[in-house]
Amino acid sequence: MAKKSQDSISLYQNLVNEIGAGKPAPVYFLCGEESFFTDALQDQIQSLLPADLKDFNMDILYGTEQSIDKLISVARSYPMMSEKRIVILREFSGLFQAKRNSEPGEDEDQESTPAATELLIGYLNNPNPTTVIAFFDQKPPNAGTKLGKSIINNDNVRYARFDPIPEERLPEWIIEWTRSQHQRNIEPAAAQVMARMIGSDLTMVSKELDKLCTFKDTSQVINPDDVRKLVTVSREYSVFELKEALFSRNITKTLWVAEQILHTSKTTDAGEVIRIVAFFYSVFTNIWQIQRLTQKGLPSSQIKETVGVKNDWYFKNLLKDSRVFPYESMPLIFEALLDADRAAKGMSRMEGRDILFLLLRRILT
254 MAKKSQDSIS LYQNLVNEIG AGKPAPVYFL CGEESFFTDA LQDQIQSLLP
304 ADLKDFNMDI LYGTEQSIDK LISVARSYPM MSEKRIVILR EFSGLFQAKR
354 NSEPGEDEDQ ESTPAATELL IGYLNNPNPT TVIAFFDQKP PNAGTKLGKS
404 IINNDNVRYA RFDPIPEERL PEWIIEWTRS QHQRNIEPAA AQVMARMIGS
454 DLTMVSKELD KLCTFKDTSQ VINPDDVRKL VTVSREYSVF ELKEALFSRN
504 ITKTLWVAEQ ILHTSKTTDA GEVIRIVAFF YSVFTNIWQI QRLTQKGLPS
554 SQIKETVGVK NDWYFKNLLK DSRVFPYESM PLIFEALLDA DRAAKGMSRM
604 EGRDILFLLL RRILT
């Protein structure tokens, strides 16, 4: 049946405990865009069978290559020299897409029919007790359909949806994952540093936590210095993320993102600064034009045409950005950009990092 109120870690851990106890449900439907959990649960389900029994009792299928009747036939078959057989179906929604029949002499495109869907619903309501079948998909089932209801509201089916962890909740996720999977504690500040260094790739976060917990004494709390020493920076920040941090007027985050851009850049620091200055010159030129035309009382449609922005979404964001920095600050911002450009091109002995940090501080002053 559906799991609705639990967070991703609790939901995952409950399913792992159920499977690990040797009492799996007859049917699993695991979906969501966060594949870290669904991939790990597939491994857990496959581990129900000893290696020497998998050849005869485990099928890994893809919905884009299977018909429903063939899938049900596999699920209804009995295990050989084993108590259970396992059927894994990836890309569940592919069952309902037109596909070419692979039988000799039958070259028509085949897709699921209402009768085939009813066959699947019938299996969900009366599954083979000797088979564990697990469906995987990025998309959740349509809760408004008969099939969707048979998946979500069915005592025979363990339904779980794992959505991506929002960036602002990633440090919280790291703290909970460290506690639940390693029985260790990590300081909130350390979790925040780790989130910034790696980003939302949960597989990479998990691997780096494994490393941290291996090298750190079990009685000690993981602190920010541990993270900086042992964790590999894997996230590549872009100038767009730097702009987002700058326009949030968060100096700490802005300098952090700038540091990471320089750290992962394939060019020199000075070359990267020149590229960043050019980007922000374009951004602030558009903002200055919008502010100037707004003060003249022009309507948004005319401002959009004058600035030369065709995309409505982009123009809407520019309007929002134009309210972050006052019109009176524009001359000082352009002066800071010009000074940084000259310095990066050799008219200063400052290091590229210092040039960029000074520029960002001047813009936010």
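Quick note on my numbering: the sequence shown kicks off at 254 and runs consecutively.
No residue lacks a Cβ here, since even glycine has one placed at the ideal position from N, Cα and C.
| Check | Outcome |
| --- | --- |
| Since Tyr331 contacts Thr383 with CB under 8 Å, what's their CB separation in whole angstroms? | 6 Å |
| Flag this pair as touching only if the stretch 467 to 485 and the stretch 500 to 508 have three or more C-beta atom pairs under 8 Å; answer yes or no. | no |
| Where do the N-terminal and C-terminal ends of the alpha helix (DSSP H) with Asp463 fall, by residue? | 455 to 468 |
| Counting Cβ pairs closer than 8 Å, one from the stretch 569 to 581 and one from the stretch 474 to 494, do we hit at least three? | no |
| Please list the terminal residues of the continuous beta strand (DSSP E) segment that includes Asp312. | 311 to 315 |
| Is the stretch 418 to 427 touching the stretch 444 to 456, taking contact as three or more C-beta pairs under 8 Å? | yes |
| Return the CA-CA distance between Asp260 and Lys519, expressed in angstroms with no decimal places. | 39 Å |
| According to the Cβ coordinates, are Lys464 and Leu483 closer than 7 Å? | yes |
| Just grab the DSSP bridge partners of Phe389 for me. | Leu283 |
| For Arg343, which residues does DSSP report across the bridge? | Tyr315 |
| For Glu356, count neighbouring Cβ atoms within 10 angstroms of its own Cβ and tell me buried if that reaches 16, exposed if not. | Note that Glu356 has pLDDT 48, beneath the 50 cutoff, so the model's placement of it is unreliable and the number below is only indicative. Looking at its Cβ environment, which holds fewer than 16 other Cβ atoms inside 10 Å, Glu356 is exposed. |
| Measuring CA to CA, which of Pro441, Arg437, Ala498, Ser326 is closest to Phe468? | Arg437 |
| For Arg614, which option in Thr517, Ala396, Ser335, Arg502 has the closest C-alpha, if you only look at C-alpha atoms? | Arg502 |
| Please classify Ala413: does DSSP put it in a helix, a strand, or coil? | strand |
| Going by C-alpha distance, which of Arg481, Glu440, Leu301 is nearest Ala274? | Leu301 |
| Where do the N-terminal and C-terminal ends of the alpha helix (DSSP H) with Met583 fall, by residue? | 583 to 595 |
| What are the start and end residues of the alpha helix (DSSP H) that includes Tyr331? | Counting along the chain, Tyr331 falls outside any alpha helix (DSSP H), and DSSP gives it neither H nor E. |
| How about Asn381 and Ala442: do their beta carbons lie closer than 7 Å? | no |
| Count the other CB atoms, across all protein chains shown, that sit within 10 Å of the CB of Glu525; report buried if there are 16 or more and exposed otherwise. | buried |
| Per DSSP, which one or two residues make a beta bridge with Thr384? | Arg338 |
| Closer than 8 Å is the cut-off here; do at least three beta carbon pairs connect the stretch 406 to 422 with the stretch 279 to 290? | yes |
| Pick helix, strand or coil for Ile240, following the three-state DSSP scheme. | Shown here, the chain extends from 254 to 618; a query on residue 240 therefore has no answer. |
| Which of the three DSSP states, helix, strand or coil, is assigned to Ile529? | helix |
| Among Val560, Arg595, Asn409, Thr547, which residue has its Cα nearest to the Cα of Ala531? | Arg595 |
| For Ile374 and Ile514, what's the separation of their Cα atoms in angstroms? | 51 Å |
| Can you tell me whether DSSP reads Ile439 as helix, strand or coil? | strand |
| So, is Trp566 buried or exposed, given that buried needs 16 or more other C-beta atoms within 10 angstroms? | exposed |
| Does the beta-carbon distance from Asn409 to Val280 come in below 7 Å? | yes |
| For Phe389, tell me which candidate among Ile608, Asp308, Ile313 has the shortest Cα-Cα distance. | Ile313 |
| Do Glu429 and Ile262 have their C-beta atoms closer together than 7 Å? | yes |
| Determine the contact status of Tyr534 and Val510, defining contact as a CB-CB distance below 7 Å. | no |
| Where does Tyr490 sit, in a helix, a strand or coil, going by DSSP? | coil |
| Here's the rule: buried if 16 or more other CB atoms are within 10 angstroms of the residue's CB, otherwise exposed. What is Leu499? | buried |
| Could you check what DSSP says for Ser553 in three-state terms: helix, strand or coil? | helix |
| Taking the CB atoms as reference points, tell me whether Ile325 and Leu348 lie closer together than 7 Å. | no |
| Does the beta-carbon of Leu609 have 16 or more other beta-carbons within 10 angstroms, so that it is buried, or is it exposed? | buried |
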